[in-house]
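Counting the sequence shown from 1 gives a position; this note's numbering is that position plus 192. Each residue gets a CB set at the ideal place from its N, CA and C atoms; glycine is no exception. Working notes, beginning with the structure itself.
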Amino acid sequence: MCKMTRLKYLIASLLICLGTAMALGQSLKAAHIFGDDMVLQREKQVPIWGTSSPNEKITVSFGGQSKTTQSGADGKWMVKLDPLEASSDPRKMIITGKSEVTISNILVGEVWICSGQSNMFFPTSKVPEATGLIPFIKNIRTFDVQNTVALEEQEEVKGQWQAKHPNSAVAISFAYFLHTISDVPVGIIKTAWGSSSIEAWMPREMTEVLPHFKTIMQEFDSDSTRLARIKEIISTASKWSNKDDIYLRRQPNILYNAMMHPLIPFACRGLLWYQGERNTRYMSGMPEVGKNNWFHRVSGMRDYEDVLKKWILNYRKQWQDHEMHFMVTMLPGYGGGPENQKKIDPESPTAPSWAWMRESQMASLDLPHTSVINTIDLGDVTNIHPTDKLPIGQRAALLAADKTLHKNVPSEGPSLKNIKLNGNKLVVYFNNSTGLRTINMKVPSGFWIADDSKKWVSAEAVIDGESVILSSPEIEKPKYVRYAFAGKPNVNLVNAYGLPAYPFRTDNWDK
Numbered sequence: 193m194c195k196m197t198r199l200k201y202l203i204a205s206l207l208i209c210l211g212t213a214m215a216l217g218q219s220l221k222a223a224h225i226f227g228d229d230m231v232l233q234r235e236k237q238v239p240i241w242g243t244s245s246p247n248e249k250i251t252v253s254f255g256g257q258s259k260t261t262q263s264g265a266d267g268k269w270m271v272k273l274d275p276l277e278a279s280s281d282p283r284k285m286i287i288t289g290k291s292e293v294t295i296s297n298i299l300v301g302e303v304w305i306c307s308g309q310s311n312m313f314f315p316t317s318k319v320p321e322a323t324g325l326i327p328f329i330k331n332i333r334t335f336d337v338q339n340t341v342a343l344e345e346q347e348e349v350k351g352q353w354q355a356k357h358p359n360s361a362v363a364i365s366f367a368y369f370l371h372t373i374s375d376v377p378v379g380i381i382k383t384a385w386g387s388s389s390i391e392a393w394m395p396r397e398m399t400e401v402l403p404h405f406k407t408i409m410q411e412f413d414s415d416s417t418r419l420a421r422i423k424e425i426i427s428t429a430s431k432w433s434n435k436d437d438i439y440l441r442r443q444p445n446i447l448y449n450a451m452m453h454p455l456i457p458f459a460c461r462g463l464l465w466y467q468g469e470r471n472t473r474y475m476s477g478m479p480e481v482g483k484n485n486w487f488h489r490v491s492g493m494r495d496y497e498d499v500l501k502k503w504i505l506n507y508r509k510q511w512q513d514h515e516m517h518f519m520v521t522m523l524p525g526y527g528g529g530p531e532n533q534k535k536i537d538p539e540s541p542t543a544p545s546w547a548w549m550r551e552s553q554m555a556s557l558d559l560p561h562t563s564v565i566n567t568i569d570l571g572d573v574t575n576i577h578p579t580d581k582l583p584i585g586q587r588a589a590l591l592a593a594d595k596t597l598h599k600n601v602p603s604e605g606p607s608l609k610n611i612k613l614n615g616n617k618l619v620v621y622f623n624n625s626t627g628l629r630t631i632n633m634k635v636p637s638g639f640w641i642a643d644d645s646k647k648w649v650s651a652e653a654v655i656d657g658e659s660v661i662l663s664s665p666e667i668e669k670p671k672y673v674r675y676a677f678a679g680k681p682n683v684n685l686v687n688a689y690g691l692p693a694y695p696f697r698t699d700n701w702d703k
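In structure tokens:
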């Protein structure tokens with residue numbers, strides 16, 4: 193055996209011995225995601241896991257159940273509780289082995305992960321309507337994941353459960369209205385960080401299905417200067433500057449490693465996702481970047497469709513829950529364009545606007561157990577951080593109640609069903625169109641039509657029962673429709689429940 197081989201063998205043996213010694217010294221504990229004041233998911237199997245000394249007999253008792261297992265040689269253990277019924281009565285979980293662990297004040301109800309970038313992180317205190325909910329909050333618990341990163345997938349998450357509302361205007365609104373509708377406890381796990389791309393929340397294994405992410409991670413791994421800086425910042429966690437903070441949260445993968453991976457497979461109903469702004473810098477493809485815009489090396493708006501779908505499927509695979517529901521928050525109205533054309537007409541149906549990102553987000557509905565929260569009537573033409581967060585939480589709660597709790601409540605506005613040509617007019621038919629109307633008693637706005645030339649003109653629109661008739665003296669043979677397909681469109685079409693119509697275009701039907 194050569195010297196180098198013997199050295200490698202010696203190092204490997206030492207590492208194995210060290211790992212075994214560490215496992216032998218482990219005392220019984222549950223993973224950090226389990227703690228006092230938590231909420232467990234009802235109506236699903238509930239995994240409970242942790243560590244102990246190797247080959248230790250572990251019993252978990254909760255809600256009249258007792259599940260027993262034996263830890264592995266590495267000291268890791270897991271049991272799965274049978275589906276639980278909702279309960280607002282605080283109870284204890286007892287975990288026994290060679291010692292005993294007690295977790296107190298546990299409720300059972302609906303658990304949701306709330307993730308994304310700055311608009312999910314947007315604090316409750318900055319939205320008076322959300323702050324006004326606080327006196328009426330009850331049976332809502334929060335696990336606020338600490339913003340941090342890791343170069344490798346972590347087993348433990350930083351944060352703790354608290355018997356209080358989430359400090360997120362969207363999350364508190366969602367939790368409050370979901371609790372009001374369901375009348376069961378609500379647990380929110382908030383894991384969000386401003387200006388993060390979807391690539392920041394991807395496991396490394398997604399390089400196998402997304403070529404652009406493979407390129408990103410190859411560049412990341414070969415950038416020794418970047419890796420050294422990340423390690424240096426991590427080592428001084430209590431002294432991060434704002435510049436350090438921004439540098440970390442704009443990296444790929446490392447947010448996932450520290451802020452999402454340790455949550456798997458905590459039982460939850462689904463994930464509420466408010467992200468996408470970071471991925472609107474370009475229409476498609478990854479740009480060549482330099483020293484000042486390295487963080488733009490992410491997928492563009494038109495590519496986001498495929499990326500988002502594969503990301504959802506990956507998360508479901510990791511949670512081993514094919515019914516894990518994903519609610520995607522549509523990006524609201526905003527008047528800015530991508531990097532190469534920042535100034536655009538915010539009402540133009542052809543400008544390189546956020547309309548293209550919304551189309552990609554809407555494509556997630558091709559997958560089962562998905563919803564899109566319509567925000568097309570919200571937002572601010574000049575502010576990427578609008579304050580109208582309460583309606584987002586309300587609409588998310590309606591969707592969750594309808595799609596996951598089967599409450600049969602109105603949860604969606606009108607969406608395109610079909611179009612038909614009638615002479616020189618186009619008739620647009622909608623789903624969810626009961627009581628079709630406008631919020632200001634004026635004719636519908638935000639419709640554009642075109643013929644084969646695809647020269648778009650603003651349409652004259654008239655409501656006819658549960659359809660809208662479109663025409664223009666400039667178009668003799670209209671063929672295509674775009675509705676609310678602009679950065680910050682002027683829209684007023686809703687159904688009887690005041691829920692806005694979803695944006696759409698039909699010129700993509702030729703694909």
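Coarse secondary structure for residue i, derived from DSSP in three states
| i | result |
| --- | --- |
| S365 | helix |
| A693 | coil |
| H561 | coil |
| T574 | coil |
| V231 | strand |
| L210 | Residue placement at L210 is poorly supported in this model, since its pLDDT is 44, which falls under 50; the coordinates are not used for a value here. |
| Q338 | coil |
| I225 | coil |
| E597 | For the sequence presented, residue 597 should be read as Leu rather than Glu. Here L597 sits in coil by DSSP. |
| V499 | helix |
| D537 | coil |
| W546 | coil |
| P282 | strand |
| A688 | coil |
| Q586 | helix |
| H514 | coil |
| R494 | coil |
| S205 | No answer about S205 holds up, because its pLDDT of 49 lies below 50 and its placement is not dependable. |
| R442 | coil |
| M475 | coil |
| L343 | coil |
| Y526 | coil |
Residue of the options minimising C-alpha distance to residue i
| i | options | result |
| --- | --- | --- |
| G571 | E345, P538, K634 | P538 |
| Q346 | N687, Q354, I456 | I456 |
| P541 | F639, R461, K221 | F639 |
| E480 | K634, V490, N471 | V490 |
| G657 | V673, L628, F677 | L628 |
| D569 | G492, L559, L685, L500 | L685 |
| R550 | D495, G386, T579 | D495 |
| P692 | K502, H453, T626, S650 | T626 |
| I381 | H224, N247, L662 | H224 |
| A392 | N339, S556, T323, T521 | N339 |
| V376 | R333, V341, V337, Q354 | R333 |
| E348 | W701, I446, G242 | G242 |
| Y675 | N445, E652, S387, K634 | E652 |
| P524 | L505, D436, P695 | P695 |
| S311 | G301, S360, E321 | According to the sequence displayed, residue 311 carries Asn and not Ser. Checking every option, the nearest Cα to that of N311 belongs to S360. |
Test item: CB-CB of residue i and residue j under 8 Å
| i | j | result |
| --- | --- | --- |
| I298 | L220 | no |
| F226 | I305 | no |
| V231 | V378 | yes |
| L464 | F313 | no |
| L597 | S317 | no |
| I536 | E469 | no |
| Y507 | M516 | yes |
| L273 | I250 | no |
| G679 | G492 | no |
| G308 | Y466 | yes |
| R587 | N600 | no |
| W546 | T472 | yes |
| V683 | S637 | yes |
| G267 | S291 | no |
Nearest-angstrom beta carbon gap, residue j and residue i [assumed within contact, 8 Å]
| i | j | result |
| --- | --- | --- |
| P606 | N623 | 7 Å |
| V564 | I390 | Contact flag wrong, Cβ pair sits at about 15 Å. |
Beta-ladder partner(s) of residue i, from DSSP
| i | result |
| --- | --- |
| I332 | V378 |
| Q257 | F254 |
| R674 | W640, R697 |
| G301 | Q233 |
| P239 | K272 |
| K612 | V619 |
| D656 | S659 |
| G605 | BP columns for G605 are empty, so no partner. |
8 Å Cβ cutoff, residue i in contact with chain D
| i | result |
| --- | --- |
| S263 | Of the protein chains in this structure there is only one, and it is not chain D. |
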